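Asks: Just passing along the structure, written as structure tokens.
This is the structure in structure tokens:
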């Protein structure tokens, strides 16, 4: 079932504004969509209760904090038993350097987005991966970021 069918246009407007405008107040949000602040508050509570928000966090400047080596690492494994894959995935999940991790179809089994402060940190990270039963690793360094977004396209353009 398509979850967005339960949302009306006002709910979609609220979600779109909250995902694109940093730190907007409830009063400013209410003005933008022509509702009272209590009505907006009620709708946000409902959307939260129904699970439309994964989390609300601050996005930090990686380079300013010294994490100027962003890598995409494709890995393959020879592990096939569910329990061993669960252990691998838990280990990947718990590595602080891993910003994102995806299980893939195709040539590689996983794609990691990894932040490091330099080559030595990357080397140490790859050594940690090698201890997990990884059979193949391909690392690509990001030269520059063209686009970074967490905004979902709620409205067709």
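Residue numbers (full-length UniProt numbering): 1 to 157. A virtual CB, placed ideally from N, CA and C, is assigned to each residue, including glycine. All values derive from a computational prediction rather than experimental measurement.
(1) Take residue 30 as the anchor and find which of 99, 10, 140 and 64 has the nearest alpha-carbon.
(2) Measure from the alpha carbon of residue 22 to the alpha carbon of each residue in 50, 143, 46 and 56, then state which is nearest.
(3) Once DSSP output is grouped into helix, strand and coil, what is the label at residue 143?
(4) Helix, strand or coil for residue 155? Go by DSSP, reduced to three states.
(5) I need the DSSP call for residue 138, collapsed to helix, strand or coil.
(6) Starting from residue 26, trace the alpha helix (DSSP H) in both directions and tell me its first and last residue.
(7) Use the C-beta contact count for residue 110: other C-beta atoms within 10 angstroms, 16 or more gives buried, fewer gives exposed.
(8) Using only alpha-carbon positions, find the residue among 62, 69 and 33 that is nearest to residue 118.
(9) Cutting at 7 Å between CB atoms, please list the residues of its own chain near residue 50, excluding the five before and the five after it.
(10) May I ask you to verify whether the stretch 125 to 134 touches the stretch 81 to 93, counting CB pairs closer than 8 Å and requiring at least 3?
Replies: Concretely, from the data shown:
(1) 10
(2) 56
(3) coil
(4) coil
(5) strand
(6) 26 to 33 is the extent of the alpha helix (DSSP H) around residue 26.
(7) buried
(8) 69
(9) none
(10) yes
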